[in-house]
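Each residue of the sequence shown is one higher than the one before, counting from -11 in the numbering used here.
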Amino acid sequence: MRIPAIPPDDLNEEQKPIYDDMNDEMSGYFSGFIKKRKDGAMLGPWAPALCYPIFGKPWWENIKAISDKSLLPPLVREVAILATGAHFKAGYELYSHTAIGESVHLDSDKIATIAAGQRPGDLPREEGIAYSIATSLASGGRLPEATWIMAVDEFGEDGAAELIFLIAGYHQLSAILNGFDVGIPCEESL
């Protein structure tokens, strides 16, 4: 990682409330994978967000907004996030959302196939739409009209919009992880 993870005792006054808010959210949606070292320093995208709070605080607010009170089914969200992480080869994103995917009962074969950058052949319609939108947006250009219409038919207009904002948020997250060279944590280094 290109920047240090900061133990809670070393946080400044601007960083402490962000850390506390992040820490409170960890027991919910973001549970099930390693997010902190033994000394409490946050890993993953949270480390750069805390190191650079002028950018990290609004980034964190955006992540919370697309994570809390979702209209989309959990499996749909995880397929979209995994497809995005696979496109950008964002290791920590794939690591963490493999754990979240497993916790919401996304089939392990589907997780492995998506993480490898492939489309599983047995995706139900709603998961398939999420995969199609994620891969279409990752490849650049406009989302095809037919794909948008399928999403609106399946999730409603607000759900389709949420899916696009979710994928866009994880494009940004992937860039943060890759830009700061955030790797997958291993137990021995904690």
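We put the beta carbon where it would ideally sit given N, CA and C, even for glycine.
{"Query": "Reference MET30, options MET14, LYS98 and TYR158, closest by Cα", "Result": "MET14"}
{"Query": "Validate contact between the stretch 148 to 168 and the stretch 115 to 126 using beta carbons, cut 8 Å, 3 pairs", "Result": "yes"}
{"Query": "Alpha carbon of TYR17 to alpha carbon of PRO132, nearest angstrom", "Result": "31 Å"}
{"Query": "Touch test, the stretch -1 to 10 against the stretch 40 to 60, Cβ-Cβ under 8 Å, three pairs minimum", "Result": "yes"}
{"Query": "Where PRO(-5) sits in the DSSP three-state scheme", "Result": "coil"}
{"Query": "Run of the alpha helix (DSSP H) containing GLU49, from where it starts to where it stops", "Result": "41 to 55"}
{"Query": "Closer than 8 Å: ALA122 CB and nearest the ligand HEM heavy atom", "Result": "This structure does not include the ligand HEM; it has no bound ligands of any sort."}
{"Query": "Beta-ladder partner(s) of MET30, from DSSP", "Result": "LYS24"}
{"Query": "Collapsed DSSP secondary structure at ASN166 in the structure displayed", "Result": "helix"}
{"Query": "Which of helix, strand or coil DSSP assigns to GLU114", "Result": "helix"}
{"Query": "Same chain, Cβ closer than 7 Å to ILE(-9), five either side skipped, listed in chain order", "Result": "ALA35, PRO36, CYS39 and PHE168"}
{"Query": "Nearest-angstrom beta carbon gap, HIS159 and THR101 [assumed within contact, 8 Å]", "Result": "21 Å between Cβ atoms; not a contact."}
{"Query": "Cβ distance (whole Å) where HIS85 is taken to contact LEU63 below 8 Å", "Result": "About 12 Å; that fails the 8 Å criterion."}
{"Query": "Collapsed DSSP secondary structure at ASP141 in the structure displayed", "Result": "helix"}
{"Query": "Pairwise C-alpha distance: PHE143 and GLU114", "Result": "8 Å"}
{"Query": "Unbroken alpha helix (DSSP H) run spanning VAL248, endpoints", "Result": "A query on residue 248 cannot be resolved here, the shown segment of the chain reaching from -11 to 178 and no further."}
{"Query": "C-beta contact flag for ALA118 and VAL67 at 9 Å", "Result": "yes"}
{"Query": "C-beta atoms of ILE54 and GLU145 nearer than 9 Å", "Result": "no"}
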